[in-house]
Amino acid sequence: MKYKLSITSLTSCSGCISSLFSLDIFPQFLERIDIVYFPFLSDNTKIEEHDIALVEGCVSRKQHINQLKNIRKNAKKIYALGTCAAYGGIVSLNKTKNIEAISKYIEIDGIIPGCPPPSNLLGDCLIRIIENKKIILSQKNLCFDCPLRETSPIKLDIKLKSLYLDMNKKVKKNEELNCFLNEGVLCLGPITREGCECICIKEMIPCEGCMGPISKDFTSNIINFLGILDLSEDIKDYEGLFFRFSKPKIKR
Amino acid sequence: MEKVIDMCKRVEGHGNVKIFIKNEKISNINFQLNIFRGFEKILKQKILIDIPRIASRICGLCHASQNIVSCKAIESIYNISPHENTILLRRILMIGELIKSHSLHLFFQSLPDLLYISKNLPNIPSLPELSQFDNQLTNKFFELIKIGNDIDRLFGGRAIHLITNIPGGHFLQNSEKNIKIARKYFQKALENINYIIEKFINLFKKLTPPKLFQIPNPIFMSLHNNESFDRYDGDLIINYNNENKIEFLLENYSKYFNKDPELPGINFSNEEIVVVGPISRYNIMKNSISEELKARINHFSNAWEKSILFSNFLKLIEMNIEVNQGIEIINNPILKKKSVPLILKNIQKLNGFGVVEAPRGILIHHYKLNENHKIEDIKLFVATEINIPIINEMLLKFSKDLYDMTGDIELIKQKAQMVIRAFDPCISCATH
């Protein structure tokens, strides 16, 4: 039996959809499902009863809430595709807009995090979904998976000075890469969910948290994290570093 | 007055067609975008080095262009030029993005309309019908989407929302292995593109493009490098007709067009209605196209030249040009040279400008700093925003008469959707 599937975009950049199209398994995925609603590539505008709904993008308009309720009414399972749908995403940096994750308005059956979701994770999740299995996400933080963890474990007294590593110094001195935090560079690895295979860190870019928080109580995680950090004045005053991809519960 | 709203289908993002009917006549018809995310506001509060990775999130299809144009604007503020190998890397990233973006539009969004028009089908083919129309063609498109994606993953660290490219340079050291893989990808891409070009010629050369797709009095604008094809570097040109052209430096753009970041839309000084994108690039740079490609273009009659439907074929032509450029870059020894990003030391200018030709046309970022070097104003000029007035003009032109003749609103909706789709609007970019 082929599952009936819908893909709805709310306020987004379409990056999650673009990731979906580029998966190795995408042609096979298309063969195994019946698309009932996906305006990107289908002319159907009505959402009728179906099995699986993927929703990408955050909620930014009243109309989105009605749309979500309609999907909930018609779909057996709903999954938030990407960090905007799961946590609010980067548009929540705009303080003049009321941006929310979809789970604020409807009950959901799972999330596929990432901005955009890493292809291995997305492929695995989609296979699980069409095999009617639950999505299983890691409950560990990025440090658990980090290639720098063994060579340079995090110290407990960190003075943070910058957002980027000074590559010139590093390359000139031909130094090995250390944990970013030990280098005084902000890395959100300790409070971010693993699952991205540390692609940024492997390219010498610290984690900016696009996979979203490990636990629901993100604010407590941040407070605990801040407990071991001594932030420079510049970083202290700079908004949208910790809550870049996950909308804070309190007002910015 | 009656208002008919129809949601846009088979386009990237959310848009509507709004039709106004008064006394049983169409009084107006518009392509409308409802969401504005406020990226100009978000970016205004950021420090310069942080902007490109946020700007990339404006669009998941044009992410490389958004990231690169932002880096260019910041580099102009610091008055630095990155190493040549960074520029080569950026060019590769833009080629990967173009292959993927054009292939997605051509296959999923445009081909159903082209088949419907040319084969007189009873309905526009659905996705399963489209996939089965020609298995080999379908596979070639899927492969191209994947190749474009994987080229950006190899050189950008990630396939979407790149991480390696930053203002002043890039982090990735171009390994021998990556270069070898990319060479294979480009060769495969060229093979697929040439196959699709031949297929398109056979399928559509005999078709006379319907009048509704004709661009009235087109004024083309694009980036050009001595009138040759270059999406990364060059000056701007507005081509009123082949005799009347204005060339200008990016820094002087406001003489010709401008915008209020609080409001949607881009205003041209003489209220010209300008077209950007593949059809403009072609019209401005057609003399530089190789004889081999010209011969392929010549299969189509002159009636195609000003039809927006021709964009579809021109996309394939520019994919061919760019993949060949990609192969040249991959073979350039400079690409392998190791470099570290330049340090952003002293701000030299209070206005930073960046321009590239994104897959759908001109993309400009302008960052204005105050005397304390804090960002005072940000303006983003996006291709789809430039194209909206010409889309609306074309919609009004065909729909009034057609509605008078038929009174069939469903027909108007269907045709309006087709015209909009032919422009390949990037609604994510336009709703920044």
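Top to bottom, those sequences are chains X and A. Be aware that the first sequence starts at 1, since it is given in the working numbering, and climbs by one per residue. Be aware that the second sequence starts at 1001, since it is given in the working numbering, and climbs by one per residue. C-beta atoms are modelled at their ideal positions from N, C-alpha and C, and glycine is treated no differently. Quantities reported herein were computed from a predicted structural model and do not represent experimental measurements.
- If you draw a straight line from the Cα of GLU1376/A to the Cα of ASN1298/A, it is about 50 Å long.
- Not a single CB atom of chain A sits nearer than 9 Å to the CB of TYR87/X.
- When the alpha-carbon of PRO1210/A is set against those of LEU1172/A, SER1307/A, SER1301/A, SER1280/A, the nearest one is in SER1307/A.
- For ILE1364/A, the uninterrupted beta strand (DSSP E) segment begins and ends at 1361-1369.
- For LEU126/X against PHE29/X, the beta-carbon gap comes to about 6 Å, under 8 Å, which counts as contact.
- The beta carbons of ASN141/X and ILE78/X sit no closer together than 9 Å.
- Among the residues of the stretch 1334-1366 of chain A, those with a Cβ less than 7 Å away from any Cβ of chain X are VAL1340, PRO1341, ILE1343, in the order of the chain.
- When 9 Å is used as the limit between beta carbons, PHE1031/A is near no residue of chain X, the shortest such separation being about 15 Å.
- Interface residue (Cβ-Cβ distance to chain A less than 9 Å): LEU122/X is not classified as such.
- For LEU41/X, the nearest beta carbon of chain A is closer than 9 Å to its own beta carbon.
- GLY227/X carries a helical assignment under DSSP once its states are collapsed to helix, strand and coil.
- Of the candidates GLU1371/A, ASN1392/A, PHE1300/A, the residue whose Cα lies closest to the Cα of ILE1029/A is ASN1392/A.
- Around the beta-carbon of GLN1109/A, 16 or more other beta-carbon atoms lie within 10 Å, marking it buried.
- In the DSSP assignment, LEU20/X falls within the unbroken alpha helix (DSSP H) covering 15-21.
- At a cut-off of 9 Å between beta-carbon atoms, GLU1012/A makes contact with chain X.
- For LEU1162/A, the closest alpha carbon among the candidates ASP51/X, GLU208/X, PRO113/X is that of GLU208/X.
- By a beta-carbon distance limit of 8 Å, ILE1005/A contacts ASN1016/A. Their separation comes to about 5 Å.
- Counting along the chain, MET1319/A sits inside no beta strand (DSSP E); it lies in the alpha helix (DSSP H) bounded by residues 1310-1330.
- Short of 7 Å from the beta carbon of PHE1186/A, and not among the five residues preceding or following it, lie these beta carbons of its own chain, in chain order: VAL1323, GLY1326, ILE1327, ILE1330.
- GLY1038/A reaches chain X at VAL91, ASN94, THR96, LYS97, counting residues in chain order whose Cβ is nearer than 8 Å.
- The C-alpha of PHE1142/A lies about 30 Å from the C-alpha of GLN1032/A.
- Here the alpha carbons of ASN1067/A and PHE1353/A stand approximately 13 Å from one another.
- The way I'd put it, the stretch 146-157 of chain X does touch the stretch 200-207 of chain X; three or more beta-carbon pairs between them come closer than 8 Å.
- The stretch 107-123 of chain X and the stretch 1018-1025 of chain A do not touch, with fewer than three beta-carbon pairs separated by less than 8 Å.
- Residue contact check for CYS198/X against chain A: no CB pair falls below 9 Å.
- With contacts defined as CB atoms closer than 9 Å, GLU1385/A and ALA1430/A qualify as a contacting pair.
- Residues of chain X with a Cβ closer than 7 Å to the Cβ of LEU1104/A are, in chain order, PHE21.
- In this structure ILE1193/A touches MET1319/A by the C-beta definition: roughly 5 Å separates them, less than 8 Å.
- For the stretch 202-231 of chain X, the residues whose beta carbon sits under 9 Å from a beta carbon of chain A are, in order, LYS202, GLU203, MET204, ILE205, GLU208, CYS210.
- A direct Cα-Cα distance of roughly 18 Å separates PRO1278/A from VAL1069/A.
- Listed in chain order, the non-local C-beta contacts of ILE1347/A below 8 Å within the same chain comprise ILE1077, TYR1078, LEU1369, HIS1373, local neighbours out to five positions each way being set aside.
- Just measuring C-alpha positions, the residue of GLU131/X, ILE130/X, ILE136/X sitting nearest ILE111/X is ILE136/X.
- If you compare the alpha carbons of TYR1240/A, ARG1360/A, ILE1201/A with that of PHE1220/A, the shortest gap goes to TYR1240/A.
- With respect to GLU1227/A, ILE1284/A sits close: the two C-beta atoms are nearer than 9 Å.
- Chain-order list of chain A residues neighbouring GLU100/X: empty, with the shortest C-beta distance near 14 Å, by a criterion of under 9 Å.
- About 19 Å separates the CB atoms of SER9/X and ALA1159/A; that is not less than 8 Å, and the two are not in contact.
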